[in-house]
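Remarks on the structure that follows.
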Amino acid sequence: MKTRKVSKAGGSSFDGWLNEQDEAFKAEVIAGAMKRQFVMTLRAMMKTQGIGVTALQKMLGTGPSQVQRLLDPEDIGISLKSIAKLLAVLGLAGHIAVEPKSSKKQVA
Numbered sequence: 687m688k689t690r691k692v693s694k695a696g697g698s699s700f701d702g703w704l705n706e707q708d709e710a711f712k713a714e715v716i717a718g719a720m721k722r723q724f725v726m727t728l729r730a731m732m733k734t735q736g737i738g739v740t741a742l743q744k745m746l747g748t749g750p751s752q753v754q755r756l757l758d759p760e761d762i763g764i765s766l767k768s769i770a771k772l773l774a775v776l777g778l779a780g781h782i783a784v785e786p787k788s789s790k791k792q793v794a
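This note's numbering puts the sequence shown at residues 687 to 794.
As structure tokens, this is what we get:
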């Protein structure tokens, strides 16, 4: 019977590594994660409603570059006003939540 070698990673967790970075870098990483999640959810909702990019452009009354920025998971520079308008034309609700990070360590 073969036994598998289990290697122990010597590195720290992603959260630990991120906490060692400067505030500006952390903000970029967090904003990027938030935008990716937003776009994934938005695209799923659009698919459910049968709304394509061209239809969304017409609903918003805007050009293709604005819609591209809204749907680009890497573009973190869109305004809350743009997000609110997008949600309104799609008949969706949104919210911003501020929560403490969950700690993996439990105090007994």
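Even for Gly, the Cβ is constructed at its ideal location relative to N, Cα and C. Remember, it's a predicted structure, so these values are computed and weren't measured experimentally.
Within the same chain, and ignoring the five residues on either side of Val775 in sequence, the residues whose Cβ sits closer than 7 Å to its Cβ are Met745 and Leu746. For the set Arg755, Leu773, Gln743 and Ile782, the Cα lying nearest the Cα of Met731 is the one of Leu773. Look at Pro750 here: in three-state DSSP terms it is helix.
Between the alpha carbons of Leu756 and Ile764 lies a distance of about 7 Å.
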